[in-house]
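Chains as they are written, first to last, in this note's numbering: chain A, 18 to 593; chain B, 18 to 593.
Since the structure comes first, as structure tokens, the remarks are kept for the end.
2 protein chains.
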Amino acid sequence: MRKLLRVNMGELSVKEQVLPSEKEPTGGRHLTSSIVASEVSATCHPLSAHNKLVVAPGWLAGTGAPCGGRLSVGAKSPLTGGIKESNVGGNAGIALSRLGIAGIVVEGLPQDDNLRVLHVTADGAELVVDNELKGLGNYDTTDRLRAEFGEDISCITIGPAGEMRLLGANIAVTDEEGRPTRHAGRGGLGAVMGAKGLKAIVIEKEGGQRPESVDREAFNKAARRFAELLSEHVVTGTNLPTWGTNLLAKIINDAGLYPTRNFQEGQFELTDSISGETQRETIIARGGKVGHACHQGCTIACSRLWVDENGEFVTKGPEYETIWAHGADCDIGDLDAIARMDRLDDEIGIDTIEMGATIAVAMEAGLIEFGDAEGAIRLLEEVRDGTPLGRILGSGAKVTGQAFGVRRVPVVKGQALPAYDPRAAKGIGVTYATSTMGADHTAGYAIAQNILGVGGNVDPLKPDGQVELSRALQIATTALDGTGLCLFVAFCMLDVPEALDTVLAMTNAHFGTNVDEDWYTELGKEILRQERDFNTRAGFTAADDRLPDFFEEEPLPSHGTVFDVPHDELDTVFDF
Amino acid sequence: MRKLLRVNMGELSVKEQVLPSEKEPTGGRHLTSSIVASEVSATCHPLSAHNKLVVAPGWLAGTGAPCGGRLSVGAKSPLTGGIKESNVGGNAGIALSRLGIAGIVVEGLPQDDNLRVLHVTADGAELVVDNELKGLGNYDTTDRLRAEFGEDISCITIGPAGEMRLLGANIAVTDEEGRPTRHAGRGGLGAVMGAKGLKAIVIEKEGGQRPESVDREAFNKAARRFAELLSEHVVTGTNLPTWGTNLLAKIINDAGLYPTRNFQEGQFELTDSISGETQRETIIARGGKVGHACHQGCTIACSRLWVDENGEFVTKGPEYETIWAHGADCDIGDLDAIARMDRLDDEIGIDTIEMGATIAVAMEAGLIEFGDAEGAIRLLEEVRDGTPLGRILGSGAKVTGQAFGVRRVPVVKGQALPAYDPRAAKGIGVTYATSTMGADHTAGYAIAQNILGVGGNVDPLKPDGQVELSRALQIATTALDGTGLCLFVAFCMLDVPEALDTVLAMTNAHFGTNVDEDWYTELGKEILRQERDFNTRAGFTAADDRLPDFFEEEPLPSHGTVFDVPHDELDTVFDF
Chain A
18 MRKLLRVNMG ELSVKEQVLP SEKEPTGGRH LTSSIVASEV SATCHPLSAH NKLVVAPGWL
78 AGTGAPCGGR LSVGAKSPLT GGIKESNVGG NAGIALSRLG IAGIVVEGLP QDDNLRVLHV
138 TADGAELVVD NELKGLGNYD TTDRLRAEFG EDISCITIGP AGEMRLLGAN IAVTDEEGRP
198 TRHAGRGGLG AVMGAKGLKA IVIEKEGGQR PESVDREAFN KAARRFAELL SEHVVTGTNL
258 PTWGTNLLAK IINDAGLYPT RNFQEGQFEL TDSISGETQR ETIIARGGKV GHACHQGCTI
318 ACSRLWVDEN GEFVTKGPEY ETIWAHGADC DIGDLDAIAR MDRLDDEIGI DTIEMGATIA
378 VAMEAGLIEF GDAEGAIRLL EEVRDGTPLG RILGSGAKVT GQAFGVRRVP VVKGQALPAY
438 DPRAAKGIGV TYATSTMGAD HTAGYAIAQN ILGVGGNVDP LKPDGQVELS RALQIATTAL
498 DGTGLCLFVA FCMLDVPEAL DTVLAMTNAH FGTNVDEDWY TELGKEILRQ ERDFNTRAGF
558 TAADDRLPDF FEEEPLPSHG TVFDVPHDEL DTVFDF
Chain B
18 MRKLLRVNMG ELSVKEQVLP SEKEPTGGRH LTSSIVASEV SATCHPLSAH NKLVVAPGWL
78 AGTGAPCGGR LSVGAKSPLT GGIKESNVGG NAGIALSRLG IAGIVVEGLP QDDNLRVLHV
138 TADGAELVVD NELKGLGNYD TTDRLRAEFG EDISCITIGP AGEMRLLGAN IAVTDEEGRP
198 TRHAGRGGLG AVMGAKGLKA IVIEKEGGQR PESVDREAFN KAARRFAELL SEHVVTGTNL
258 PTWGTNLLAK IINDAGLYPT RNFQEGQFEL TDSISGETQR ETIIARGGKV GHACHQGCTI
318 ACSRLWVDEN GEFVTKGPEY ETIWAHGADC DIGDLDAIAR MDRLDDEIGI DTIEMGATIA
378 VAMEAGLIEF GDAEGAIRLL EEVRDGTPLG RILGSGAKVT GQAFGVRRVP VVKGQALPAY
438 DPRAAKGIGV TYATSTMGAD HTAGYAIAQN ILGVGGNVDP LKPDGQVELS RALQIATTAL
498 DGTGLCLFVA FCMLDVPEAL DTVLAMTNAH FGTNVDEDWY TELGKEILRQ ERDFNTRAGF
558 TAADDRLPDF FEEEPLPSHG TVFDVPHDEL DTVFDF
């Protein structure tokens, strides 16, 4: 019997709601999106009492499923104005599941200005006032929470950006070492948590236990097999562990779609300086760590610990998207500077993709020159300090473009595009344009088939077949986001049919269910339909399912191509 | 034979396009909206080459029709993202008409950073580079233009706000005295002009002549009769000339819907200090001018010239909406401070309604205290100077609310609500919610029937009948906005059926047409349909035809009422 915690910030109450007996597994994005879609007014102000912040581990979280500890965070997004599920690693998802908690729903608004911590234990949960946390960065916050609640905790926190309710604010989750390095990054959900006056959710692990599987033996067998499959696949078994996510830098740059200087070009001259290979060599030479797992039970360990020249920890990763956003997109080829920016982002509690893209827009506006790393760091310090300029930048690329009158602003539904130029990988362009989430590479990662040759090959430069590709990937990804499995297992699942069977076998053995591939696909469709319906009620139309004009008009220099998937084809993505 | 000037900023060319022989009169909002709707991509970035700025006098402008010199300015609005027609007095509309120019369409974007002036004479028009105008306020700009082109000109200019492409930037038009006191205020159209690198349109009056009426005698007879009707009606003949637009302050305050402190309340304790009565007395005592006409041929003369304690000119008016926005909405009860803000707004070239509402939101955010007039002036100076804080504020109430995490932001379609609380005048609430323009009192001024008893009486506090009222007013207003007649003639037209007949008589005598009331009503519907269709293509839905939640949830203290016109009724406004 799993339960939801209903936390009402207006009444300052916590109530347990036992989930009805589950004939089908539910969790993660399925739970966050279905609660947001059914309980939140689609037209409400995202910072109002009507919005709800929902935190839900995937259904396999805590079971021991390999790479199965992901946590979904959902709400109406302050950044996009639509529904949002933001997916994060770290150990909080596992910790919640082991306390029997399927989700936490934070509702209402407090009557006062106090900052609160939700303290979750095996015995229950309570709201505690802690105004000494006001204004603290995520690292200081988690240090203080450990000092107060002990080492055996997982933390879900916001930094100053969330307290300031900035549109780019994210939500941090502590990792294996207790550091706030993992982030539900996109869509400004930290602002929702900040509006509710909730600085942290502290989950005491004591008393938690692995949820009992209906057929433990069958579960363990399937889990072992899944781990084998992951280790056998070249991406999840070799490439990601060895070079981390940033192995993509050279690949994407070589393929001519590495967005450079605010998407003006598709290749960056300094890619070698910031590549995954250089990153690995530097970390090893300095005594940092490669092959770092962001949560217990991760068998891929794509993350790393970046250290400075003295071997002192600076930040995790940084990951591919972060290195791109603060690097190539801003014409910055210095991994140490990028790592400092990543650490600043994590302290502030702000999305690295949105911030990098925003600084690139600020560079296009002439605030600082392209390539000015120290200038970019100063801009981040403005965000940290909440200056007026910092509030513009912390509000993301769209608002920054508005404030400085910039026309070339790479956003869809108000959210900045990630690290792949859609003019030379048109499948990901379809995902950017049509995803319920705004521009989001994780919503349907067509780079796999467009560029990497995983799960098939679809010519990245032609418009043909991209809608079908993105549609299939969006459905599959949405289903996967319910499981609690890391998206990276999808590389294996795309190539090896047995992998999905094994995921379903783990699921059925754990829950005693009998779900199959059709159910799984239908689940993905059903969640997407709910999200899409929410967005329609929020006022989204086909006009919101478009890339900015300049992608359709300015040829990408590396290929001479524009994004030319016809609009009427884009409008068929959700025909399923 | 009237003509359009097609000004292409990319090619730096000006071409004349002769209008096909007109079987029906066209002009003003009809011309701007039909050109924008048919020629501008609804989804384009408002600052891109795809947007077009259209300037068009009403069809009676220059004919000698009383109060008939209004000019329409249209484009896709940077502020709302929808279509925009912003209506302005001053003499430019008449000057254009007398040169046979039905409209100017400014297209494309320049390839360079030069600032240009469009110099329009009886012999043609040309683009002139004048970078010495860069950064100048509207007053300095028009002073320099007069020094260069002589006194006998009308000017259409932008201030620094337009050059900075701020979302609140407006477009100034010179008045009878050559001062840039009249403004196409709403929707950020100054940013469109600024993006096109066009600082000013200078219209030389020399060589212009009153357009020949087909039946001059009949025209003159109808015009005389129209002037009589206007002078006989209490609003246009007595109240507006005597007390100006700000005669509304006491009326609206007494009726309990004078939005106070960012729409927290409906009555302002200091209304007597800023009323039209006090304004009149002060102006007369100081030797200023009451009864100032904003353009040639205006028989109402509702404007005034505000002077300081030494009798020195400060600014026009200020008008009711400005005094409310910088006054009651910000808890400021000092007409001199408000006049300084109005002058600053006019220098900067920014909408007074949007700026006042924005400062009130900034006050709610705690940037300065409510009531802090000197603080409010300092905030305006930040806008003038283009500081980061100024860029936030100059981007309007919505962006300011986003940057500072404020929930109570009184905007519809991104545009700030004017000076009537919709909870206690529900007809104007329907107009705010549903107008194609965003929150705009002039789009369907139901205050007439809700409060003033002009054109009938509809209980302001009940939801009943408001949709029908707003619909009829929006249709009639839209038709009127084609004529070039000042909206204030509508007070007379609502009460006196003969007034519309007289307008149609002037039209038919001038153009040799035979249009009737049905044609006129159908014209209003047709323009609204075009605008609505543009907005739908731009991505607007029923969700955009709503007031912010707080108007439906927080009772207005003066009446205890919320805005409760049912959403499904709002969705029928355009059923015609």
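Just so you know, even glycine gets a beta-carbon here, dropped at the ideal spot from N, CA and C.
query	result
Three-state secondary structure (DSSP) of Lys213 (chain B)	coil
Beta strand (DSSP E) segment containing Gln34 (chain A), residue limits	30 to 35
Near-chain B residues of the stretch 412 to 428 of chain A (beta-carbon distance less than 7 Å), N- to C-terminal order	Ser412, Val416, Gln419, Ala420, Phe421, Gly422, Arg424
Start-to-end residues for the alpha helix (DSSP H) that takes in Arg321 (chain A)	Note, Arg321 (chain A): premise wrong, no alpha helix (DSSP H); beta strand (DSSP E) at 320 to 324.
Where Cys172 (chain A) sits in the DSSP three-state scheme	strand
Same chain, Cβ closer than 7 Å to Arg360 (chain B), neighbours up to 5 away in sequence not counted	Val331, Thr332
Leu64 (chain B) at chain A interface by Cβ criterion, 8 Å	yes
Residue closest to Glu102 (chain B), alpha-carbon to alpha-carbon, out of B:Pro42, B:Asn108, B:Leu88, B:Gln466	B:Leu88
The stretch 433 to 446 of chain B in contact with the stretch 464 to 475 of chain B per 3-pair CB rule at 8 Å	yes
Own chain, CB closer than 7 Å to Glu399 (chain B), minus 5 neighbours either side, in chain order	Leu406, Gly407, Leu410
Leu504 (chain B) versus B:Glu515, B:Gln491, B:Ala272, residue with shortest Cα-Cα distance	B:Gln491
Where Arg408 (chain A) meets chain B, residues with beta-carbon distance less than 7 Å	Ile409, Ala420, Phe421
Contact check, Thr174 (chain B) vs Gly556 (chain B), beta carbons under 8 Å	no
8 Å Cβ cutoff, His67 (chain B) in contact with chain A	yes
Inter-residue spacing [alpha-carbon to alpha-carbon] between Gly499 (chain A) and Gly204 (chain A)	19 Å
Residue span of the alpha helix (DSSP H) that contains Arg408 (chain B), given as start and end	405 to 411
Beta-carbon neighbours of Asn184 (chain B), restricted to chain A and to distances below 7 Å	Before going further, note that residue 184 (chain B) is Leu rather than Asn in the sequence given. Simply Gln419.
Chain A residues whose Cβ lies nearer than 8 Å to that of Met18 (chain B)	Per Cβ cutoff of 8 Å: no residues; Met18 (chain B) is ~36 Å from chain A at best.
Residues within the stretch 536 to 564 of chain B neighbouring chain A, beta-carbon criterion of under 9 Å	Thr553, Arg554, Ala555, Gly556, Phe557, Thr558, Ala559, Ala560, Asp561, Arg563
Pro74 (chain B) vs Gly110 (chain B) beta-carbon contact at 8 Å	yes
Beta-carbon proximity list for Glu180 (chain A), same chain, < 6 Å, skipping 5 on both sides	Gly211
Every unbroken beta strand (DSSP E) within the stretch 251 to 315 of chain A, with a cutoff of 3 residues, ordered by chain	306 to 309
Burial state of Asn108 (chain A) (16 or more Cβ within 10 Å)	buried
Cβ contact check for the stretch 512 to 522 of chain B and the stretch 238 to 246 of chain B: 3 or more pairs under 8 Å	yes
Inter-stretch contact at 8 Å, needing at least 3 Cβ pairs: the stretch 264 to 274 of chain B / the stretch 335 to 347 of chain B	yes
Glu371 (chain B) beta carbon less than 8 Å from that of Ala433 (chain B)	yes
C-beta neighbour in chain A for Asp566 (chain B), strict 8 Å	yes
Under 9 Å from the C-beta of Pro583 (chain A): neighbouring residues of chain B	Correct list: empty, because the minimum Cβ distance to chain B is about 14 Å.
With 16 other Cβ atoms within 10 Å as the buried cut-off, status of Arg8 (chain B)	Any question about residue 8 (chain B) goes unanswered here, given that chain B covers just 18 to 593.
Nearest to Thr304 (chain A) (by Cα), restricted to the options A:Ile385, A:Gln296, A:Val484	First, the amino acid is wrong: residue 304 (chain A) is Gly here, not Thr. Of the candidates A:Ile385, A:Gln296, A:Val484, the one whose C-alpha sits nearest the C-alpha of Gly304 (chain A) is A:Gln296.
Alpha carbon of Pro583 (chain B) to alpha carbon of Gly91 (chain B), nearest angstrom	31 Å
Exposed unless 16 or more other CB atoms sit within 10 angstroms - verdict on Met18 (chain B)	exposed
Supposed contact pair Gly125 (chain B) and Glu28 (chain B) - C-beta distance, whole angstroms, cut 8 Å	7 Å
With 16 other Cβ atoms within 10 Å as the buried cut-off, status of Thr255 (chain A)	exposed
Continuous beta strand (DSSP E) stretch holding Gly141 (chain B): start and end	141 to 146
Proximity to Ser290 (chain A) [Cα-Cα], best of A:Gln313, A:Glu326, A:Asp368, A:Ile355	A:Ile355
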